[in-house]
Every structure is written in C-alpha cells, then in structure tokens.
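In full-length UniProt numbering, the protein residues as written are 1 to 123.
The following block contains the structure:
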C-alpha cells in the first residue's frame with residue numbers, strides 16, 4: 001500500500017505506483033518463479049503418484065466372493081480410474097495455465113522496463 005506521504009510532490013499516484021512496481025519487479029518475479037516452481041514440482045509428484053497405480057482386475061486364487069460384491073468393487077474401481085484420469089487432466093491443464101501466466105507476467109514486466117517512466121514536468 002502506498003501512502004500519500006510516499007508520493008513525490010512533483011509526481012502523481014500512478015507514477016509513484018509505476019516507480020514502486022519497477023523497483024520491486026525483480027524480487028516479485030523471483031518470488032512468483034519460486035512459487036511456480038514449487039507448485040509445478042508438487043503437481044509433477046501428484047501426477048506421477050496417480051500414474052503409478054494400475055488397476056488390478058484379477059481375483060485372488062482360492063477366495064470365493066459374492067458376485068454382487070465383485071460387481072460393486074468393479075464399479076468402484078472403474079469410478080476411481082475415471083476420477084484419476086480427470087485429476088490428471090486437471091493437473092496438466094493447471095500446469096499449462098501457470099506456464100502461460102508466468103510468460104504473460106514476464107512479458108508485462110519486460111514491456112514495463114522498455115517503456116520509460118514519464119515524470120511530469122515541473123512548472
């Protein structure tokens with residue numbers, strides 16, 4: 001938050017905001033990059049863990065089960081597989097979204113750095 005006392009006398013609030021953003025953009029980009037890296041690492045681990053479990057449809061030898069229970073567990077397994085596939089798709093979509101947002105953010109700050117900060121001419 002910028003207080004009125006922090007705004008230069010010759011400047012305006014928007015110019016002060018731009019100057020403050022320009023000063024802190026490197027640390028902001030670094031913190032966003034670190035958070036994004038941590039989140040992507042977590043998502044990769046989650047996707048890897050979800051992908052390692054394969055469904056097992058084989059019934060253990062020598063155990064007799066009720067056909068209704070067997071059907072119930074097959075439906076549950078199928079439902080879990082569908083949920084797992086949906087989760088993996090959402091994780092991949094989130095990865096792409098984070099990557100695109102990081103690109104847009106870095107492009108925005110590159111554009112801001114390329115534009116000179118306009119100071120009002122004192123009269």
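Glycine is no exception: its CB is placed at the ideal position from the N, C-alpha and C atoms.
{"Item": "Alpha-carbon to alpha-carbon, residue 109 and residue 37", "Value": "19 Å"}
{"Item": "Contact the segment 92-110 vs the segment 37-47: 3+ CB pairs below 8 Å", "Value": "yes"}
{"Item": "Residue 33 versus residue 113 - alpha carbon distance", "Value": "18 Å"}
{"Item": "Backbone CA spacing between residue 31 and residue 70 [nearest angstrom]", "Value": "51 Å"}
{"Item": "Integer Cβ distance of residue 80 from residue 50, believed to fall under 8 Å", "Value": "About 10 Å; that fails the 8 Å criterion."}
{"Item": "Cα-Cα separation between residue 72 and residue 84, rounded to whole angstroms", "Value": "18 Å"}
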